[in-house]
Structures are given as structure tokens and as C-alpha cells.
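K.L.:
Numbering (our numbering), first residue to last: 6 to 76.
The structure follows.
Here it is, written out as C-alpha cells:
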């Protein structure tokens with residue numbers, strides 16, 4: 006956030022392999038919450054780059070559920 010300034014919208018930065026593919030839904034939620042905390046209100050939930058093949062559906066649902074919640 007400090008490098009981009011307060012007016013920029015930030016996206017993602019969730020590690021696609023260690024968190025999305027290999028983590029648990031709880032780890033996905035925690036990682037997104039931490040990125041959101043650091044980025045502030047102007048944050049879009051997303052992976053750091055691509056979502057790897059083999060990512061558990063439950064982890065994608067955890068990402069979706071966080072995005073739909075009122076954080």
C-alpha cells in the first residue's frame with residue numbers, strides 16, 4: 006500500500022501454490038484477510054497470479070466466501 010498510495014485499488018497477492026492449491030480453506034481465508042488488512046478498503050480478492058490446476062474447490066469457495074462477506 007505504501008508504494009502505490011491510498012487511491013490505487015490493489016488486487017490479489019495470495020500465493021497461488023502454497024496457499025490456494027496446497028493450503029486449507031482456513032489458511033486461504035487467513036491469507037486473504039491479511040492482504041485485505043494491509044491493503045485497506047480498496048482491495049480486490051484474487052490470487053497472486055494464476056489459480057493452479059488442481060486447486061481444491063473448497064479453497065476457491067473460501068476465496069469466494071471472503072469476497073462476498075462484509076469485511
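Just so it is clear, CB atoms sit at the ideal spot from N, CA and C, and this is done for glycine as well.
Because the structure is a prediction, the values reported are computed rather than measured.
Taking residue 66 as part of the alpha helix (DSSP H), name the residues at either end of that continuous run.
P.N.:
Its alpha helix (DSSP H) spans residues 62-73.
K.L.:
Taking the CB atoms as reference points, tell me whether residue 21 and residue 52 lie closer together than 8 Å.
P.N.:
A contact, by the Cβ cut-off of 8 Å.
K.L.:
How long is the line joining the alpha carbons of residue 56 and residue 26, rounded to whole angstroms?
P.N.:
The straight-line gap from Cα to Cα measures roughly 8 Å.
K.L.:
Under three-state DSSP, which class holds residue 8?
P.N.:
Residue 8: coil per DSSP, three-state reduction.
K.L.:
Rounded to the nearest angstrom, what separates residue 47 and residue 39 at their Cα positions?
P.N.:
Going by the C-alpha atoms only, they are around 14 Å apart.
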